[in-house]
Amino acid sequence: MRLARSRGAVAGIGELKPTRRTEGRTTLEMIAEVSRLAVLDAGLEPGHIDGLLVGPQVGETPQHVPATVAEYLGLKPDMANVVDLGGASGAGMVWRAAAAIEAGMCDAVLCVLANAREEVPSRSPNRNPIREFDVPFGASGANISYALLMQAHMAEHGSSAEDFAAIAAWARSNAQLNPDAIFHGKPAGIDDVLASPMVASPLHLLEIVMPVAGGEAVVVVSAKRARQLAKPAVHLLGAGEKVTHRAVSQAPSLTSGPLKPAMARAFAQSGTRAAEMNLLSLYDCYTIMVAATIEDAGLCAAGQFGQWVRDHDLGPSGDAPLNTHGGQLGFGQPDLAGGMTHVVEAVRQLRGQATGRQIANAKLALVTGNGATMSEATALVLGADQ
Numbered sequence: 001m002r003l004a005r006s007r008g009a010v011a012g013i014g015e016l017k018p019t020r021r022t023e024g025r026t027t028l029e030m031i032a033e034v035s036r037l038a039v040l041d042a043g044l045e046p047g048h049i050d051g052l053l054v055g056p057q058v059g060e061t062p063q064h065v066p067a068t069v070a071e072y073l074g075l076k077p078d079m080a081n082v083v084d085l086g087g088a089s090g091a092g093m094v095w096r097a098a099a100a101i102e103a104g105m106c107d108a109v110l111c112v113l114a115n116a117r118e119e120v121p122s123r124s125p126n127r128n129p130i131r132e133f134d135v136p137f138g139a140s141g142a143n144i145s146y147a148l149l150m151q152a153h154m155a156e157h158g159s160s161a162e163d164f165a166a167i168a169a170w171a172r173s174n175a176q177l178n179p180d181a182i183f184h185g186k187p188a189g190i191d192d193v194l195a196s197p198m199v200a201s202p203l204h205l206l207e208i209v210m211p212v213a214g215g216e217a218v219v220v221v222s223a224k225r226a227r228q229l230a231k232p233a234v235h236l237l238g239a240g241e242k243v244t245h246r247a248v249s250q251a252p253s254l255t256s257g258p259l260k261p262a263m264a265r266a267f268a269q270s271g272t273r274a275a276e277m278n279l280l281s282l283y284d285c286y287t288i289m290v291a292a293t294i295e296d297a298g299l300c301a302a303g304q305f306g307q308w309v310r311d312h313d314l315g316p317s318g319d320a321p322l323n324t325h326g327g328q329l330g331f332g333q334p335d336l337a338g339g340m341t342h343v344v345e346a347v348r349q350l351r352g353q354a355t356g357r358q359i360a361n362a363k364l365a366l367v368t369g370n371g372a373t374m375s376e377a378t379a380l381v382l383g384a385d386q
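By the count of the UniProt record's numbering, the sequence shown reaches residue 386 at its end, each step adding exactly one.
Structure (structure tokens):
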């Protein structure tokens with residue numbers, strides 16, 4: 001009997017003795033212990049682990065679970081995700097890990113599930129380490145953390161408030177072409193951005209996303225199936241992912257983030273370069289996020305995003321279209337669906353269906369996603385159907 005080609009193999013296992021209660025122990029502690037056993041059983045070192053799959057909760061943190069676990073374990077995975085399939089999660093992790101390896105995203109994936117069980121649950125639903133090392137010192141909430149990144153960029157590269165404000169002004173300008181944008185009919189120039197209230201120095205109010213209600217969705221099929229459908233397809237040509245930390249205090253750099261290697265991988269897989277993109281659909285929770293992404297993509301040298309923005313037209317008819325739907329700074333941020341707006345706009349442009357703001361002959365788009373404080377990064381290169 002001829003065996004099918006192996007798609008992956010389980011090389012190590014770890015197991016903790018079950019107990020009724022775990023007083024004084026945390027879920028993160030148990031994850032670390034069982035992970036150590038599995039890595040040792042596989043004959044590997046922690047540095048060999050470049051992929052991470054975890055459950056939807058670690059019992060102590062409601063969001064950013066992969067980044068929290070990766071930070072706690074001292075890992076910097078190239079692929080990280082949550083598998084939420086109830087009792088089928090363990091089996092589901094195995095094939096996802098094999099698929100990720102076959103896709104070239106990583107080489108060794110740690111799949112881990114654990115939970116503490118106390119007689120009296122902790123009163124706090126969130127015992128994330130960020131509450132010990134960041135929050136007590138004032139780094140509480142996204143505004144403060146991204147203001148720190150912006151301040152660091154200014155200090156290291158001499159970038160100005162006007163440089164950052166220009167990004168917000170372009171977002172508002174593009175939003176005027178999108179009737180669905182929350183700021184449609186409400187343009188704002190650089191002076192308006194700088195005149196808006198200071199929220200967390202040096203971040204002004206108009207440099208921060210507006211939270212809104214909403215939703216986004218896409219349906220992904222195989223390339224073969226796509227050719228059988230009536231509407232033109234948009235193809236995933238390359239992808240990259242990187243997680244480096246959760247708390248900003250643990251960030252390897254305050255001026256460059258994990259999107260740099262993520263985008264490099266997406267470009268390498270697709271055989272493209274940033275300069276070849278017809279659309280830059282860049283995650284823009286704050287202006288500093290866009291600035292860092294422009295530089296990390298290689299569109300300009302570190303510290304030169306301000307000049308790059310001044311040298312280019314970022315509108316749909318310009319030479320460097322950026323967030324033609326207005327981005328989250330102009331369209332609004334419907335919570336986690338905010339990142340999906342960048343995917344939807346890229347698909348719309350590559351299909352030639354962006355009425356009123358269509359890019360001429362759009363063939364390639366770079367889409368980026370960002371989680372936590374420039375911590376979790378995903379980059380996609382999408383291509384129009386040929």
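Just so you know, even glycine gets a beta-carbon here, dropped at the ideal spot from N, CA and C.
Quantities reported herein were computed from a predicted structural model and do not represent experimental measurements.
On a Cα-Cα basis, can you pick out the residue from the options that is closest to residue i?
{"i": "Pro202", "options": "Pro211, Ile288 and Ala239", "result": "Ile288"}
{"i": "Glu33", "options": "Ala116, Pro56 and Leu259", "result": "Ala116"}
{"i": "Gly215", "options": "Leu28, Ala67, His342 and Leu16", "result": "His342"}
{"i": "Ala80", "options": "Ala98, Val243, Asp296 and Thr27", "result": "Val243"}
{"i": "Gly339", "options": "Leu44, Ala171 and Ala217", "result": "Ala217"}
{"i": "Arg131", "options": "Arg20, Thr68, Gly86 and Leu113", "result": "Thr68"}
{"i": "Leu194", "options": "Ala161, Ser222, Leu336 and Gln63", "result": "Ala161"}
{"i": "Met93", "options": "Leu53, Ala70, Pro62 and Lys76", "result": "Leu53"}
{"i": "Gly47", "options": "Pro136, Ser35 and Asp192", "result": "Ser35"}
{"i": "Gly352", "options": "Val10, Gly318 and Pro232", "result": "Pro232"}
{"i": "Ala9", "options": "Glu71, Gly356, Cys111 and Gly87", "result": "Cys111"}
{"i": "Thr26", "options": "Ala98, Tyr72 and Ala354", "result": "Tyr72"}
{"i": "Asp41", "options": "Ala11, Leu336 and Pro252", "result": "Ala11"}
{"i": "Asn370", "options": "Gln57, Pro316, Gly14 and Ala142", "result": "Ala142"}
{"i": "residue 403", "options": "Val309, Asp192, Gln307 and Gly356", "result": "Here the chain covers residues 1 to 386 and nothing more, so residue 403 does not appear."}
{"i": "His245", "options": "Ala169, Pro129 and Pro56", "result": "Pro129"}
{"i": "Ala70", "options": "Ala384, Gln386, Ser375 and Asp385", "result": "Ser375"}
{"i": "Leu28", "options": "Met150, Glu15, Thr61 and Ser140", "result": "Thr61"}
{"i": "Ile359", "options": "Leu336, Asp385, Leu314 and Gln386", "result": "Leu314"}
{"i": "His64", "options": "Ala377, Gln386 and Ala384", "result": "Ala377"}
{"i": "Val135", "options": "Ala188, Gly104 and Gln250", "result": "Gln250"}
{"i": "Ala200", "options": "Gly189, Ser89, Ser140 and Asp191", "result": "Ser140"}
For residue i, which residues of its own chain have a beta-carbon under 7 Å away from its beta-carbon, when the five flanking residues on both sides are left out?
{"i": "Asp107", "result": "Asp50 and Ile101"}
{"i": "Arg273", "result": "Phe267"}
{"i": "Gln328", "result": "Val209, Asp284, Cys285, Gly338 and Thr341"}
{"i": "Ser196", "result": "His204, Leu205 and Leu206"}
{"i": "Met277", "result": "Leu364, Ala365 and Leu366"}
{"i": "Leu75", "result": "Pro46, Ile49 and Leu52"}
{"i": "Ala223", "result": "His235"}
{"i": "His312", "result": "Gly318, Asp319 and Ala320"}
{"i": "Ile13", "result": "Ala38 and Asp41"}
{"i": "Ala346", "result": "Leu279, Ser281, Ala365, Val367 and Leu382"}
{"i": "Arg21", "result": "Arg117, Glu118 and Glu119"}
{"i": "Asn178", "result": "His184, His325, Gly326, Phe331 and Arg357"}
{"i": "Met150", "result": "Phe164, Pro202, Leu203 and Ile288"}
Less than 8 Å between the CB atoms is what I'm expecting for residue i and residue j, so what's the real figure, rounded?
{"i": "Gly257", "j": "Ser159", "result": "The Cβ separation is near 16 Å, so there is no contact."}
{"i": "Gly271", "j": "Ala379", "result": "Not really, about 15 Å apart at Cβ, beyond 8 Å."}
{"i": "Leu382", "j": "His235", "result": "7 Å"}
{"i": "Gly326", "j": "Phe164", "result": "17 Å between Cβ atoms; not a contact."}
{"i": "Gly330", "j": "Arg172", "result": "5 Å"}
{"i": "Ala147", "j": "Leu254", "result": "Between Leu254 and Ala147 the Cβ distance is about 11 Å, and since that is not below 8 Å, they are no contact."}
{"i": "Pro56", "j": "Asp84", "result": "4 Å"}
{"i": "Ala114", "j": "Met198", "result": "With 8 Å as the limit, Ala114 and Met198 do not qualify as a contact, their Cβ atoms being about 43 Å apart."}
{"i": "Trp170", "j": "Leu299", "result": "Contact doesn't hold; Cβ gap of about 14 Å is too wide."}
{"i": "Gln333", "j": "Val212", "result": "6 Å"}
Apart from the five residues just before and just after residue i, which ones in its own chain have a Cβ nearer than 8 Å to its Cβ?
{"i": "Leu3", "result": "Since pLDDT at Leu3 reaches only 43, below the 50 mark, its modelled position is unreliable, and no value is offered."}
{"i": "Glu23", "result": "Glu118 and Glu119"}
Spell out the partners DSSP gives residue i in its beta bridges.
{"i": "His235", "result": "Gly383"}
{"i": "Pro197", "result": "According to DSSP, Pro197 bridges with nothing at all."}
{"i": "Gly51", "result": "Met79 and Val109"}
{"i": "Pro211", "result": "Gln333"}
{"i": "His204", "result": "Met198"}
In chain order, what residues of the same chain have a beta carbon less than 6 Å from the beta carbon of residue i, not counting five sequence neighbours either side?
{"i": "Met1", "result": "Summary for Met1: the model assigns pLDDT 35, below 50, so the residue's position carries little reliability; its value from the coordinates is reported in the next sentence. Correct list: empty, nothing qualifies."}
{"i": "Ile167", "result": "Thr287 and Val290"}
{"i": "Thr373", "result": "Ser145 and Val248"}
{"i": "Ala297", "result": "Met263 and Ala274"}
{"i": "Arg348", "result": "Ala354"}
{"i": "Glu295", "result": "Ala302 and Phe305"}
{"i": "Lys260", "result": "Asp296"}
From the beta carbon of residue i, is the nearest beta carbon of chain D less than 8 Å away?
{"i": "Val248", "result": "The structure shown contains no chain D, having only a single protein chain."}
Every unbroken alpha helix (DSSP H) within the region 98–161, with a cutoff of 4 residues, ordered by chain:
130–133 and 142–157
Which parts of the UniProt domain "Thiolase C-terminal" (240–383) are runs of the alpha helix (DSSP H), unbroken and 4 residues or longer, counting only runs that do not cross its ends?
259–270, 287–296, 305–311, 327–331 and 338–351
Which runs of the beta strand (DSSP E) fall wholly inside the region 64–104 and span at least 3 residues, in chain order?
79–82
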